[in-house]
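Below is one structure, written out as structure tokens; the observations come after it.
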Amino acid sequence: MFAIIFLLTALICSVTADEKYTTKYDNVDFDEIVRSERLLQNYVNCLMDRGPCAPDAAELKRLLPDALETDCSKCSEAQQVGTKKVIKHLATNKKDWFSELEDKYDPDRTYLERHRSEWEAEGIKFD
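The sequence shown lines up with residues -17 to -1, 1 to 110 when you count with mature numbering (1 follows the signal peptide of the UniProt record, and there is no 0).
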């Protein structure tokens, strides 16, 4: 009986671990990205299909629809912190880019409305 419980627990843990996104790019410096117009533009161009994608940007582009759908439940802590940092920067300083990305990835504003009060409590303002 113990062996069965142990195997079930191991199986559940492995499924849970598989449901997280890769942490391969968790060391990406989000502060550097938001400080650099060139780097940020490259990410936006990748996400908007206007330019080539660096490996980390390609992974972001691939996972973004699922992350929005699942409220970033598969994101690591670093990914959640980085996401808020970039959203705050774009919503505050690059409204045109933010709107473009919103139109493509959240056209009915479902994700925005679901998280508006949480983000506004953290100082992120939306028009």
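Quick reminder that beta carbons are idealized off the backbone N, C-alpha and C, glycines included.
query                                                                                                                                 : result
I'd like the span of the alpha helix (DSSP H) that includes D14, first residue to last.                                               : 13 to 18
According to the neighbour-count rule (16 or more other Cβ atoms, all chains shown, within 10 Å of its Cβ), is Q62 buried or exposed? : buried
Find the nearest neighbour of A50 within the set N28, Y8, P35, Y88, judged by alpha-carbon distance.                                  : Y88
Express the C-alpha separation of L73 and F81 in angstroms, rounding to a whole number.                                               : 5 Å
Taking the alpha helix (DSSP H) that N76 falls in, what are its first and last residues?                                              : 60 to 76
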